[in-house]
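J.:
Residue numbers (full-length UniProt numbering): 1 to 221.
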């Protein structure tokens, strides 16, 4: 291209990378969409595993309708996230091609005026347009894999987050290792609650001997 027209060649080389900035802008939004979709997919998987694995409990407490509502809610959220992620990922490559198409059109118009001014021949313009088209192809191909790359990075982030999760807190320094356990368990003045402001057990003392079964029954039975 430089041997035909230095001015137009520099214009093509300066404007064509703009398509990568467009693709990068869309890719950042696509990454967030794919990340949200991955989180919703994990939530859906966890919910299905919970409901299916505890099917008897669901039936025992007549939880079927609420389970359907929870599933429908998460499913709808996943559908919306999936559509948004698919939309943004599908416009990355067309947007890049559109920008490069504008560059190609601009080159053709500028080259036509150059031909009319005697700066190049029609054959040179045709060759230059072919070269410009070949020059923009790698940019189009790169943008074609950006969406897949963003999807892979979003999934990989969840894997890395799981791998970086700290291990469970080990036993405290005052923990005692039983040398000869006999199977008995003693609970001495213990209080328990899932939420600090809603106590469930207060100052409970229990001694369970080996083989003995003890149940704590609340108002619901």
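From the three backbone atoms N, C-alpha and C, an ideal C-beta is built for every residue, glycine too. For clarity, every value in this text was computed on a predicted model and none was experimentally measured.
Using only the alpha-carbon positions, how far apart do residue 85 and residue 130 sit?
T.: If I take the Cα positions, the gap works out to 35 Å.
J.: In whole angstroms, what is the alpha-carbon distance linking residue 162 and residue 175?
T.: Those two C-alpha atoms are separated by around 28 Å.
J.: Determine the direct distance from the alpha carbon of residue 146 to that of residue 165, and round the result to whole angstroms.
T.: So the alpha carbons of these two residues sit roughly 28 Å apart.
J.: Please look up how many angstroms separate the CB atoms of residue 140 and residue 92, rounded, as I've assumed it's under 8 Å.
T.: In fact, because the Cβ distance is near 11 Å, the residues do not count as touching under 8 Å.
J.: How big is the Cα-Cα spacing for residue 196 and residue 202?
T.: Roughly 12 Å between the two C-alpha positions.
J.: Give me, in chain order, the residues of the same chain whose beta-carbon lies closer than 6 Å to that of residue 199; leave out the 5 immediate sequence neighbours on both sides.
T.: For residue 199, where only same-chain residues beyond five positions count, the Cβ hits under 6 Å are 193.
J.: Which residue from 217, 156 and 124 puts its Cα closest to that of residue 111?
T.: Residue 124 is the option with its Cα nearest to residue 111.
J.: Is it true that the region 74-84 meets the region 29-44, where meeting means three or more beta-carbon pairs spaced less than 8 Å apart?
T.: The region 74-84 vs the region 29-44: in contact.
J.: Can you tell me the Cα-Cα spacing of residue 73 and residue 67, whole angstroms?
T.: Between residue 73 and residue 67, the C-alpha separation is close to 10 Å.
J.: Pick helix, strand or coil for residue 208, following the three-state DSSP scheme.
T.: Three-state DSSP puts residue 208 in a strand.
J.: Beta carbon of residue 151, beta carbon of residue 16: below 9 Å?
T.: In this structure, residue 16 does not lie closer than 9 Å to residue 151 by Cβ.
J.: Rounded to whole angstroms, what's the CA-CA distance from residue 102 to residue 142? Just pull it up for me.
T.: The straight-line gap from Cα to Cα measures roughly 18 Å.
J.: When you compare each of 70, 148, 213 and 205 to residue 35 by their alpha carbons, which one comes out closest?
T.: Measuring from the Cα of residue 35, the nearest candidate turns out to be 148.
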